[in-house]
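So the protein sequences, as listed, match chains A and B.
With the numbering used here applied, the first sequence covers 8 to 224.
With the numbering used here applied, the second sequence covers 8 to 224.
No residue lacks a Cβ here, since even glycine has one placed at the ideal position from N, Cα and C.
Quantities reported herein were computed from a predicted structural model and do not represent experimental measurements.
There are 2 protein chains.
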Amino acid sequence: MSSYVEENYLKAIYKLTERNKDGAYTNDIAYELNVKPGTVTEAIKKLGEKGLINYEKYKAVTLTKAGKMIAVKTIRKHRLWEVFLVEKLGFKWDEIHPMAEELEHINFEELTERLDNFLGHPEFDPHGDPIPNKDGVFSNHKSVKLTSIALNTPVVMTGIENHTTSFLQHLDKLGLKLGVQVAVKEIVDFDKSVLVSVNGKKGFYLSHDIAHNILCK
Amino acid sequence: MSSYVEENYLKAIYKLTERNKDGAYTNDIAYELNVKPGTVTEAIKKLGEKGLINYEKYKAVTLTKAGKMIAVKTIRKHRLWEVFLVEKLGFKWDEIHPMAEELEHINFEELTERLDNFLGHPEFDPHGDPIPNKDGVFSNHKSVKLTSIALNTPVVMTGIENHTTSFLQHLDKLGLKLGVQVAVKEIVDFDKSVLVSVNGKKGFYLSHDIAHNILCK
DNA sequence: TATAATATTTAGGTTTACCTAAATGTATTT
DNA sequence: AAATACATTTAGGTAAACCTAAATATTATA
Ligand SMILES: [Mn+2]
Ligand SMILES: [Mn+2]
Ligand SMILES: [Mn+2]
Ligand SMILES: [Mn+2]
Numbered sequence: 008m009s010s011y012v013e014e015n016y017l018k019a020i021y022k023l024t025e026r027n028k029d030g031a032y033t034n035d036i037a038y039e040l041n042v043k044p045g046t047v048t049e050a051i052k053k054l055g056e057k058g059l060i061n062y063e064k065y066k067a068v069t070l071t072k073a074g075k076m077i078a079v080k081t082i083r084k085h086r087l088w089e090v091f092l093v094e095k096l097g098f099k100w101d102e103i104h105p106m107a108e109e110l111e112h113i114n115f116e117e118l119t120e121r122l123d124n125f126l127g128h129p130e131f132d133p134h135g136d137p138i139p140n141k142d143g144v145f146s147n148h149k150s151v152k153l154t155s156i157a158l159n160t161p162v163v164m165t166g167i168e169n170h171t172t173s174f175l176q177h178l179d180k181l182g183l184k185l186g187v188q189v190a191v192k193e194i195v196d197f198d199k200s201v202l203v204s205v206n207g208k209k210g211f212y213l214s215h216d217i218a219h220n221i222l223c224k
Numbered sequence: 008m009s010s011y012v013e014e015n016y017l018k019a020i021y022k023l024t025e026r027n028k029d030g031a032y033t034n035d036i037a038y039e040l041n042v043k044p045g046t047v048t049e050a051i052k053k054l055g056e057k058g059l060i061n062y063e064k065y066k067a068v069t070l071t072k073a074g075k076m077i078a079v080k081t082i083r084k085h086r087l088w089e090v091f092l093v094e095k096l097g098f099k100w101d102e103i104h105p106m107a108e109e110l111e112h113i114n115f116e117e118l119t120e121r122l123d124n125f126l127g128h129p130e131f132d133p134h135g136d137p138i139p140n141k142d143g144v145f146s147n148h149k150s151v152k153l154t155s156i157a158l159n160t161p162v163v164m165t166g167i168e169n170h171t172t173s174f175l176q177h178l179d180k181l182g183l184k185l186g187v188q189v190a191v192k193e194i195v196d197f198d199k200s201v202l203v204s205v206n207g208k209k210g211f212y213l214s215h216d217i218a219h220n221i222l223c224k
């Protein structure tokens, strides 16, 4: 299996396992990678034989230590390139993901480490997601959803839980970017929408759905 | 045909056609890409159908306008990434080619143009090769081989005609890098080796073979 | 101009990564 | 516990990009 395809399977399994501790299901992997379930069965059997995942027929799969390392290193490359695209080339945070999806498969350790150095060893990517170090260790963020912040308690926006272009662009329009100070002024009883202030200034209402996808500290 | 493979065929044909104006031969393309001649025949037929090359059975192939554009754009990406790797990440000129071979296939026009801008619109790559602009136009260098420079005429080293690691590393060892001033002090009758001075200082002898691969202006 | 040498193509295979659709296994609901 | 729904696997195919080896063209040489 080409490293391109292999890395994408392992990354998908990693992502799904973060949510579902049991492991990743065939159908979910298929959905994540835009392929059909039969294709996934074939692929995960091979990854199992390679010792990269734990595969048992009809069971959810999990990553082995080796598989997890490849997944995490791919995430590291992805996020470092995203930092490069934003910090050095001036792209916006909603434009970078497709490029990083390709760049993450360029495998030269020396390139990754020099890039990391060039960028000043960033700890988080432009979406606030942590960048694992070269040994695969993540620095822990401990952020919480905006929907669980107490009233009138100022916090800093540190991340997001939805990475769609439309969500990112909407946040831009509202001036909600990483680092801004946010405070919840009111929780609307009717629909759980929240009134927020941004950097002290009088703010606006956010739907529960939006607030739920904003992370703060 | 994947853009990765397609770009490599077109690039190889471009390179071979630069030398052999008739076009590129099946066997030469095969050698260039490390594949077997039968594989090339199959590939060039498809590229012909796509309108990227002019293919006639048993004849050398040439690039169409469309094919040439893809080849040149691939070369542009390759050389821009090489500048990045040297200027920004601090790699040496003998380390960068394999990485650029991968990076050149990342196809996002906006990425290429922003990279170009970030690098200050370089005209030449770290090996002295010209970087075509986004319309595929090369700036002309007009350099000549060190073997055809008149005695005691100081010139500037601007390029090389051999890109092997061993050649590059040898030049490094001799202090022969792009931009140095070189003068031919003597041409040895016996073996056509040349005595050169470098940046005014007393120099050393270079075999004809080495001198022949050094370009000056 | 035959013959030999060399280049190119063709024929028949393989592997990878995908597909559809049928078969089978697992889970949920009556 | 059957029946039904849903998930997963299997079976059989395809297309891309490679291979080897045989067949055929072209080119060079005797
Ligand atoms: Mn991303
Ligand atoms: Mn990100
Ligand atoms: Mn190169
Ligand atoms: Mn170069």
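Three or more C-beta pairs below 8 Å linking the segment 130 to 138 of chain B and the segment 156 to 175 of chain B: yes
Limits of the unbroken beta strand (DSSP E) element including B/Lys53: Run containing B/Lys53: none in the beta strand (DSSP E); it sits in the alpha helix (DSSP H), Pro44 to Glu56.
Spatial distance of B/Val90 from A/Val162 (CA atoms): Using only the alpha carbons, I get a separation of about 42 Å.
A/His134 beta carbon near ligand 2 (any heavy atom closer than 7 Å): Yes - ligand 2 has a heavy atom lying nearer than 7 Å to the Cβ of A/His134.
beta-carbon B/Glu94 near ligand 4 non-hydrogen atom, thresh 7 Å: With a threshold of 7 Å, the Cβ atom of B/Glu94 does not count as near ligand 4, since no heavy atom of the ligand is closer than that.
B/Gln188 versus B/Lys209, B/Gly127, B/Thr69 and B/Gly74, residue with shortest Cα-Cα distance: B/Lys209
Cβ-based contacts, 9 Å cut-off: residues of the segment 86 to 104 of chain A near chain B: Of all residues in the segment 86 to 104 of chain A, only Leu92, Lys95, Leu96, Gly97, Phe98 and Glu102 come within less than 9 Å of chain B when Cβ atoms are compared, listed by chain position.
Residue-level contact to chain B via CB, A/Arg121, 8 Å cutoff: yes
Under 7 Å by beta carbon: chain A residues contacting B/Glu109: Ile113
Nearest-angstrom Cα separation, counted from A/Pro105 out to A/Gln226: Beyond the ends of chain A as shown, which are 8 and 224, falls residue 226 of chain A; an answer cannot be given.
Three-state secondary structure assigned by DSSP to A/Asn61: strand
CA-to-CA distance, A/Gly30 to A/Ser150, given in whole angstroms: 24 Å
Neighbour-count burial assignment, B/Ala218, 16 or more Cβ in a 10 Å radius: buried
Rounded C-alpha distance that separates B/Ile77 from A/Met76: 36 Å
Any C-beta of chain B under 8 Å from that of A/Met164: no
Residue-level contact to chain B via CB, A/Met8, 8 Å cutoff: no
Other residues of its chain near B/Gly55: CB distance less than 6 Å, five sequence neighbours each side excluded: Tyr62
Within chain B, the residues that A/Phe145 reaches when beta carbons sit closer than 7 Å: Here the premise fails: no neighbours, minimum Cβ distance about 24 Å.
Beta-carbon spacing of A/Thr81, A/Leu185 below 8 Å: Not a contact, by the Cβ cut-off of 8 Å.
B/Arg86 beta carbon near ligand 4 (any heavy atom closer than 7 Å): yes
Interface flag, A/Leu6 vs chain B, CB-CB below 8 Å: With chain A represented from 8 up to 224, any question about residue 6 of chain A goes unanswered, as that position is not in the structure.
Any 3 or more C-beta pairs closer than 8 Å across the segment 87 to 102 of chain B and the segment 62 to 73 of chain A: Touching, no, given that fewer than three Cβ pairs across the two stretches are closer than 8 Å.
Cβ-based neighbour list, B/Ile138, same chain, cut-off 7 Å, excluding 5 preceding and 5 following: Arg83, Arg86, Leu87, Pro129, Glu130, Phe131 and Asp132
Chain-ordered residues of the segment 64 to 80 of chain A with a beta carbon less than 8 Å from chain B: none
Candidates A/Leu118, A/Lys28, A/Glu117 and A/Phe98, of which the one nearest B/Phe125 by Cα: A/Phe98
A/Leu222 beta carbon less than 8 Å from that of A/Lys152: yes
Chain-ordered chain A contacts of B/Leu40 [CB-CB under 9 Å]: In chain order: nothing, as chain A lies at least about 17 Å away.
Where the alpha helix (DSSP H) containing A/Glu193 begins and where it ends: Taken as a continuous stretch (DSSP letters only), A/Glu193 belongs to no alpha helix (DSSP H), being part of the beta strand (DSSP E) at Gln188 to Ile194.
Span separating the alpha-carbon of A/Asp101 from that of B/Met8: Rounded to the nearest angstrom, the two C-alpha atoms are 30 Å apart.
B/Ala5 CB to nearest heavy atom of ligand 3 below 7 Å: The first residue shown for chain B is 8 and the last is 224, placing residue 5 of chain B beyond what the model contains.
Three-state secondary structure assigned by DSSP to B/Gly246: This structure cannot speak to residue 246 of chain B, because chain B is shown only from 8 to 224.
Within 8 Å, strictly: CB atoms of A/Leu23 and A/Glu39: Yes, the pair counts as a contact, with Cβ atoms nearer than the cut-off.
Residues near A/Asp123 in its chain [Cβ-Cβ closer than 6 Å; skip 5 each side]: Leu87
Boundaries of the beta strand (DSSP E) in which B/Val144 is found, first to last residue: Careful: B/Val144 lies outside any beta strand (DSSP E) and carries neither H nor E.
Cβ-heavy atom distance, B/Glu89 to ligand 3, below 7 Å: Because some heavy atom of ligand 3 lies under 7 Å away, the Cβ of B/Glu89 counts as near it: yes.
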